[in-house]
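UniProt numbering puts the first residue of the sequence shown at 1, with every later residue one more than the last.
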Amino acid sequence: MQKTQTKSIYQGTDRRTLITMVTRDVKKAFDKAWHAAITCKLMRAGIQPKLVKIITNFLHARKAYVKVNKHKGDTFNLEAGVPQGDVLSPTLFLIIGNDFPEPTRNRRQRNFAMQYADDFTQVIITKFQSTITQSQRDQHKINVEEEIIKQNRFENEWKIKTNIVKFA
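Below, the structure is given as structure tokens:
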């Protein structure tokens, strides 16, 4: 964690600041990484078209089949997922989440977000001028809900699913 983020949390332990951490784990992150999203975000990042094509071919040239005992099903193309164990796969997954929505930062809110592999943490910090009242607690709750909604919209747009079992 960066020094400024650690400092924000530490300073927030006084009586005029509310802090909430929301942690998410992406469900089947490497199995469900949407190929179209990876391609789109590589192009948005200004990656050379030839390299984007190589990576796209790397992803789309994958086929699979289901085998049960001695019975093998038809071969089909994989439209999502990155190869597990491949050195490029974690980077390709991170590209999907590289532009998570910016947390709200203003005079009262000092929110920030952190990502490590398929784990994403939002920290919502609301500062007040005086000792915290119930209405201010309610306002902080609204701030938390707004950050969660913003993240949910992003995940829906890019076909990312939070593992509800690990959501806190």
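No residue lacks a Cβ here, since even glycine has one placed at the ideal position from N, Cα and C.
Since we're looking at a predicted model, the values are computed, not measured.
Secondary structure of N98 (DSSP, three-state): coil. The alpha-carbon of R15 is positioned some 6 Å away from that of T131. Assignment of R153 by DSSP, reduced to helix, strand and coil, places it in the helix class.
Around the beta carbon of G81, 16 or more other beta carbons lie within 10 angstroms, which makes this residue buried. In its chain, beyond the 5 residues on either side, T126, K127, F128 have a beta carbon closer than 8 Å to the beta carbon of R108. Scanning its chain for C-beta atoms nearer than 6 Å, with the 5 sequence neighbours on each side dropped, one finds around K32 the residues A80, in chain order. With fewer than 16 neighbouring CB atoms inside 10 Å of its own CB, N98 falls in the exposed class. Around K166, the same chain offers D25 as residues with beta carbons nearer than 7 Å, after the five sequence neighbours per side are excluded.
Runs of alpha helix (DSSP H) with 4 or more residues, each lying fully within the segment 46 to 101, are found at 49 to 60, 89 to 97, listed in chain order.
Cα atoms of E157 and A29: separation of roughly 15 Å, rounded to the nearest angstrom.
CA-to-CA, the gap between I47 and S135 works out to about 48 Å. The alpha-carbon of P101 is positioned some 10 Å away from that of E155. Within the DSSP secondary-structure output, F30 pairs in no beta bridge. Residue range 35 to 44 is occupied by the alpha helix (DSSP H) that includes A36, with no beta strand (DSSP E) assigned at that position. Around T39, the same chain offers T56 as residues with beta carbons nearer than 6 Å, after the five sequence neighbours per side are excluded. With respect to D118, F93 sits close: the two C-beta atoms are nearer than 8 Å.
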